[in-house]
Amino acid sequence: MDKNRVNELFGEAQALREKGIPLYMQVKKAILASISAGRVLGGDTLPPERDLAKYLDVSRVTVRRAIDELVKEDVLTQRQGAGTFVSERVEQPLNHLRSFTEVMKARGKAITSKWLDRSLGMPHEDECKALKLTAEQEVVRFYRLRYADGKPMALELATIPSNYILNPFAMEGSLYDLLEQQGCRPVRAFQRLRAISIDEQRAQLLDIPELSAVLYIERTAVTQDGTPIEFTRSWFPGDSYDFVAEIHNTV
């Protein structure tokens, strides 16, 4: 155990003996104070629970309760076999139409993807409705797990009418870059957001517990003349993003 590191994060053990305040709340408060002061940053690993408990002279149950509460509040993230981390959150504006690649590059993140599916096929009912297609019009689908600095950040399933992209293997990086090269980049979009519990398969891909809360977004984007060109469904871990929008008084 690095005693100096624990001391740096939490101060002297006796500082956690405030009268009338449960010990787990004092541990929780100390972790939050360290994060606010910048002594521990997004992505940093907390010391092991047993080390914290020994140094702070509290039980592991006390430390566990404090950490569990902070995990529920999305302040901390736990990865099986890797430990407890301070959550890294990405602020993503909702009033700008930008791709995942553009958002992450603007934050200096290294972007990688794992392809789960690239295919040409007939549209499903929801795709027909979103893209205003008939059941006989083919679409291409791009399903991939997106990483930023090696961390799973999103699952994306994009559907494009095949008259815009016929070869599903034509795309390697940014979908919007490819559409822009063909002169048909979308200029506006309608997005529907809701919180859902993640299923087991997608939870494993995102490296989060099954039934964790995630943000599910459906986006339908259109070209300059109003033609639907993109229907994307995305799953974002709840501990990784803050979606923000600027609101104007129209009165």
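Every letter in the sequence shown is one number past the one before it in the UniProt record's numbering, and letter 166, counting from 1, is 166.
Ideal Cβ positions, reconstructed from N, Cα and C, are used throughout, including at glycine.
Source: prediction; values computed, not measured.
Taking 4 residues as the shortest admissible run, the stretch 85-154 contains the following complete alpha helix (DSSP H) segments, listed from N- to C-terminal end: 100-106 and 125-131. DSSP places L41 in no alpha helix (DSSP H); its state is neither H nor E. Of I217, E230 and C184, the smallest CA-CA separation from G238 is found for I217. Inclusion of F236 and L215 in the CB contact set at 7 angstroms is warranted, their separation being smaller than that value.
Taking the CA atoms as reference points, T220 sits about 24 angstroms from T112.
For the pair of segments examined, the stretch 17-27 was found to touch the stretch 65-80: the number of CB pairs separated by less than 8 angstroms reaches three.
Residues L120, E138, V139 and V140 of the same chain have their beta carbon placed closer than 7 angstroms to that of S162, with the five preceding and five following residues left out of the count. Here the alpha carbons of L52 and V6 stand approximately 7 angstroms from one another. Within the DSSP bridge table, the entry for Q191 names R219 as partners.
Rounded to the nearest angstrom, the gap between the Cα atoms of L116 and L155 is 10 angstroms. Under DSSP, R79 shares a beta bridge with G83. Residue burial annotation: R50 is exposed, with fewer than 16 other C-beta atoms found within 10 angstroms of its C-beta. The beta carbon of R185 is closer than 6 angstroms to those of Y176 and L179 in its chain, skipping five residues each way along the sequence. Check the Cα spacing between A33 and each of D57, V75 and Y55: the tightest is with V75. In this model, L193 and Y143 are separated by some 19 angstroms (Cα to Cα). For S87, the closest alpha carbon among the candidates S99, Q224, G81 and K72 is that of K72. The Cβ neighbour count for I21, taken over all protein chains shown within 10 Å, is under 16; the residue is labelled exposed. Between R39 and L70, the CB-CB gap reaches or exceeds 7 angstroms. Just measuring C-alpha positions, the residue of L41, A203 and I160 sitting nearest K129 is I160. A direct Cα-to-Cα measurement between A135 and P152 gives close to 34 angstroms. Sequence-distant Cβ neighbours of A189 in its own chain, meaning closer than 8 angstroms and more than five residues away, are L97, R219, T220, A221, V222 and E230. Straight across, the Cα-Cα distance linking Y147 with K109 is about 9 angstroms.
Rounded to the nearest whole angstrom, the CA to CA distance from L157 to S234 is 6 angstroms.
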